[in-house]
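Numbering (UniProt numbering), first residue to last: 1 to 73.
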């Protein structure tokens, strides 16, 4: 993933207002996405933790798709 491209893409926009059909737009989801974007912009390493099926991979996949970056697991 090209971190510089993600930083540049999200530099102006601090929130995500378009949520695809995989992500439900709740306050906690928006806060998580905003935190991820902030960390990407500021080069802060981030660890996503949570139970299986809570959407960790989906959030990263969404950000990569939004940034038009390839996503590999």
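C-beta atoms are modelled at their ideal positions from N, C-alpha and C, and glycine is treated no differently.
Secondary structure at residue 25: coil, using DSSP grouped into helix, strand and coil. By the 16-neighbour rule on beta-carbons within 10 angstroms, residue 37 is buried. Taking C-beta atoms as the reference points, residue 23 and residue 58 count as a pair closer than 8 Å. For residue 42, no alpha helix (DSSP H) run applies, since DSSP gives it neither H nor E. In this structure, the straight-line span from the alpha carbon of residue 33 to that of residue 60 is close to 9 Å.
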